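These notes concern the structure reproduced below.
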Amino acid sequence: MSYFSVYYRSIDASVKMKFFTRLFVPFLQKRQQKFCLAEFSSGSMPEQIAERKMVIKMSVIRTENLTYTYSIGTPFEKTAVDKVNLDIEEGELVGIIGHTGSGKSTLIQHLNGLIKPTSGKVFIDGQDIWDKDCKIRDIRFKVGLVFQYPEYQIFEETVYKDIAFGPKNMGLDDDEIDRRINEISELVGLHKENLQKSPFELSGGQKRRVAIAGVMAMEPKVLILDEPTAGLDPKGRDKILGQIKEYHQHTKSTVLLVSHSMEDVAKNASKILVMNNARLFCYEEPPKVFSRADELTQMGLAVPQITRVFNRLKQNGINIRTDVYTTEFACKTILEYIKKRRDGNA
Amino acid sequence: MLKDITIGQYFPGKSAVHKLDPRFKIIITAVFITMLFAADGFIGMAVSLVFMTIAFFMSKIPFKLMIKSLKPIIPVIIFTSVLNIFFLDGVVLVKLGFIKITYQGLETSLFMVIRIIALIMGTSLLTYTTSPITLTDAIERLLSPLKKIKLPVHELAMMMSIALRFIPTLIEETDKIMSAQKARGADMESGGLVQRAKALVPILIPLFVSAFRRAEELALAMECRCYQGGEGRTRLRQLKSTGSDYSSLSVSMLFLCAVILVDTLFGK
Numbered sequence: 001m002s003y004f005s006v007y008y009r010s011i012d013a014s015v016k017m018k019f020f021t022r023l024f025v026p027f028l029q030k031r032q033q034k035f036c037l038a039e040f041s042s043g044s045m046p047e048q049i050a051e052r053k054m055v056i057k058m059s060v061i062r063t064e065n066l067t068y069t070y071s072i073g074t075p076f077e078k079t080a081v082d083k084v085n086l087d088i089e090e091g092e093l094v095g096i097i098g099h100t101g102s103g104k105s106t107l108i109q110h111l112n113g114l115i116k117p118t119s120g121k122v123f124i125d126g127q128d129i130w131d132k133d134c135k136i137r138d139i140r141f142k143v144g145l146v147f148q149y150p151e152y153q154i155f156e157e158t159v160y161k162d163i164a165f166g167p168k169n170m171g172l173d174d175d176e177i178d179r180r181i182n183e184i185s186e187l188v189g190l191h192k193e194n195l196q197k198s199p200f201e202l203s204g205g206q207k208r209r210v211a212i213a214g215v216m217a218m219e220p221k222v223l224i225l226d227e228p229t230a231g232l233d234p235k236g237r238d239k240i241l242g243q244i245k246e247y248h249q250h251t252k253s254t255v256l257l258v259s260h261s262m263e264d265v266a267k268n269a270s271k272i273l274v275m276n277n278a279r280l281f282c283y284e285e286p287p288k289v290f291s292r293a294d295e296l297t298q299m300g301l302a303v304p305q306i307t308r309v310f311n312r313l314k315q316n317g318i319n320i321r322t323d324v325y326t327t328e329f330a331c332k333t334i335l336e337y338i339k340k341r342r343d344g345n346a
Numbered sequence: 347m348l349k350d351i352t353i354g355q356y357f358p359g360k361s362a363v364h365k366l367d368p369r370f371k372i373i374i375t376a377v378f379i380t381m382l383f384a385a386d387g388f389i390g391m392a393v394s395l396v397f398m399t400i401a402f403f404m405s406k407i408p409f410k411l412m413i414k415s416l417k418p419i420i421p422v423i424i425f426t427s428v429l430n431i432f433f434l435d436g437v438v439l440v441k442l443g444f445i446k447i448t449y450q451g452l453e454t455s456l457f458m459v460i461r462i463i464a465l466i467m468g469t470s471l472l473t474y475t476t477s478p479i480t481l482t483d484a485i486e487r488l489l490s491p492l493k494k495i496k497l498p499v500h501e502l503a504m505m506m507s508i509a510l511r512f513i514p515t516l517i518e519e520t521d522k523i524m525s526a527q528k529a530r531g532a533d534m535e536s537g538g539l540v541q542r543a544k545a546l547v548p549i550l551i552p553l554f555v556s557a558f559r560r561a562e563e564l565a566l567a568m569e570c571r572c573y574q575g576g577e578g579r580t581r582l583r584q585l586k587s588t589g590s591d592y593s594s595l596s597v598s599m600l601f602l603c604a605v606i607l608v609d610t611l612f613g614k
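One line per chain: the protein sequences are A and B, in this order. Throughout the first sequence, residue numbering follows my numbering, covering 1 to 346 in sequence. Throughout the second sequence, residue numbering follows my numbering, covering 347 to 614 in sequence.
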């Protein structure tokens, strides 16, 4: 006993604190913050403050050292997601970008338990989803995932029945299902007369909206969409993105949007997550992300065209801000700049 | 999960057996099968086993893999040996009520088991060392004389290679659809037989739809590239027979002769 206490005292205090927080934080989250971590962390190390903040502002999605390796033990072994630590807060609209093969798709499939991580943990609403007490099917209703080209998963005779598939699996009664379908189909712009049609009669864009509606109708707390606009014309793309944004505002849920198009992400997202070579490059607000234009370009990702314009202006000696990423804001910035210069001359 | 299924059993390599002309490999396999059935006694069988062992060592296929190929036929092996042990008349060794085991029965069943195992191992050596595509190619060439009697040999071979080509694609597709339906709460792991069969509907329908779509796209793409059957087609990879092909065929023929000779000399 005494031997142990000597050993224990010799451990640096910060290590001790770390140990405690590690031990208790998941526990606290599970208990839905009945206690506050701040009560026993009286020290002033910065990492603790960070931890405290995390507990108080509970994140809906949280990963800890999430790692996934394909085909372990074969020559094809490849780490697709490497030690990713994430905290996504409720109500956020997150744009996920990264080049092909950067691990975006693998990452999002972890978030609803379709893939079991090789190591590391996933918490949804503070609950470890691979915990013994956790039912993975319930997590799938909480975190709705729309795959790439979701129209290929449609199978029912009528649009109505196909949208009802998810809610039915949840065990909802018919009235509730009916209410949800009517609400969602209006939101995604499906006409009432289309609901009784066969989904295979619809156009490509309509089919995609049916498939997205099928997941939205489960009213998940988190909605994840993997490139929902792939293969659509610009008009269809804008329409779907607009509807996703509307859904986000209407339901106040968290939405994760994987996209290749920087413009789409810049226009819609409140935060941007950048993946690079299986690692999390950054998770920040759009201006902060796009201010690292050089690094993004090196990664093979393009910054929005308008940001590129402003970067070039700066390079050419014009003193102007470069954290511009939407056309509207660009317009305002240029007007301001012109005004300032005029005033300066005057 | 579905990715672990291997289609065909091709095991890539650069051994002498891998390099043999696939047409010759098919013929040699046929010779080997003839050998196994020509052998009437244990000595003849031993000679053909020697041939198989040589081919096997030259192919450098891991022994474990060869054993793995036997797994699916274990029930057949057990079935044949049991039938032969109990139902052949002859000198009785053990008698238990109405069950009797005869010396002849034991001998025949042992012989049969060896024959079946050798048959499977020998033929899997062919599929282990030849990729499915080259195999269909070789089959097409070997069957080409049948064109004379209006058999659509090229079309058959083309169908076979297209089917082989699309198996991995369809498996990937199934994987994706399964994940998508699971994300919508489809439950495939629990429930009785009927429920499980019903749970397959959301997977099979999209799979069929996409298979038809792919078939249509492929047909269009082939037509765009002016595909019009086998007539006048030239090949990127010409099958060329070399000296080693002929010599290995002769070796297999020699072994066949040896088996027949040994059998007639020593009898049964």
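All C-beta atoms in this analysis are idealised placements derived from N, C-alpha and C, irrespective of residue type, glycine included. All of these numbers come straight from a predicted model, not from anything done at the bench.
Taking 8 Å as the upper bound for CB-CB distance, N276 (chain A) and G98 (chain A) are in contact here, some 6 Å apart. With a threshold of 8 Å between beta carbons, S556 (chain B) makes contact with chain A. Of the residues assessed, R530 (chain B) falls on the buried side of the cut-off, its CB having 16 or more other CB atoms within 10 angstroms. At least 8 Å separates the CB of V60 (chain A) from every CB of chain B. A distance of 8 Å or more separates the beta carbons of R62 (chain A) and F147 (chain A). In this structure, the beta-carbon distance from Y68 (chain A) to T106 (chain A) falls below 8 Å. Neighbourhood of I523 (chain B) in chain A, by CB distance below 8 Å: Y152 and Q153, in chain order.
Look at Q305 (chain A): its C-beta is not under 8 Å from any C-beta on chain B. Within 10 angstroms of the beta-carbon of T580 (chain B) lie fewer than 16 other beta-carbons, which makes it exposed.
Its chain contains S105, I108, V146, F147, Q148 and V258 as the residues whose beta carbon lies nearer than 7 Å to that of D226 (chain A), once the 5 sequence neighbours on both sides are disregarded; these appear in chain order. For the segment 207–218 of chain A, the residues whose beta carbon sits under 9 Å from a beta carbon of chain B are, in order, A211, G214, V215 and M218. A straight line joining the alpha-carbon of Q450 (chain B) with that of L434 (chain B) spans about 7 Å. In the pairwise beta carbon analysis, the segment 211–228 of chain A is classified as touching the segment 251–271 of chain A: at least three pairs are separated by under 8 Å. Here I139 (chain A) is not near I163 (chain A), since their CB atoms are 8 Å or more apart.
Under the DSSP assignment, F444 (chain B) falls outside any beta strand (DSSP E); it carries neither an H nor an E label. The continuous stretches of alpha helix (DSSP H) do not include C282 (chain A), which lies in the beta strand (DSSP E) extending over residues R279 to E284.
In this chain, the alpha helix (DSSP H) harbouring A484 (chain B) covers P478 to L489.
Straight across, the Cα-Cα distance linking E518 (chain B) with H110 (chain A) is about 18 Å. Excluding its 5 nearest sequence neighbours in each direction, V81 (chain A) has C-beta neighbours in its own chain below 8 Å: L66, T67, Y68, G103, T106, L107, H110, P117 and A278, listed in chain order. Contact annotation: the segment 574–591 of chain B touches the segment 364–381 of chain B, with at least three C-beta pairs closer than 8 Å.
By the CB criterion at 8 Å, I244 (chain A) and V210 (chain A) fall outside the cutoff.
Contact between the segment 407–425 of chain B and the segment 439–453 of chain B is not established, with fewer than three Cβ pairs separated by less than 8 Å. With 16 or more neighbouring CB atoms inside 10 Å of its own CB, K371 (chain B) falls in the buried class. Contact of L114 (chain A) with chain B by beta-carbon distance below 8 Å involves S525, K528 and A529.
F357 (chain B) carries a coil assignment under DSSP once its states are collapsed to helix, strand and coil. If you draw a straight line from the Cα of K406 (chain B) to the Cα of M398 (chain B), it comes to about 13 Å. Going by beta carbons, I184 (chain A) and A217 (chain A) fall inside the 8 Å limit. Of the other Cβ atoms in all chains shown, 16 or more fall within 10 Å of the Cβ of R208 (chain A); this residue is therefore buried. Spanning the alpha carbons of S119 (chain A) and P167 (chain A) requires a straight line of approximately 32 Å.
Selection B:I374, B:L488 and B:F601 evaluated against V396 (chain B) yields B:F601 as nearest (Cα-Cα).
Excluding residues up to 5 positions away in sequence, M404 lie with their Cβ nearer than 6 Å to the Cβ of A362 (chain B) in the same chain. Counting the other CB atoms within 10 Å of its CB gives S593 (chain B) a total below 16, which places it among the exposed residues. Here V547 (chain B) is exposed. Its C-beta has fewer than 16 other C-beta atoms within 10 Å. Across the structure, K142 (chain A) and Y70 (chain A) are spaced so that their CA atoms are roughly 26 Å apart.
For D591 (chain B), no CB of chain A lies under 8 Å from its own CB, so it is not counted at the interface with that chain.
With a threshold of 16 other beta carbon atoms within 10 Å, T610 (chain B) falls short and is exposed.
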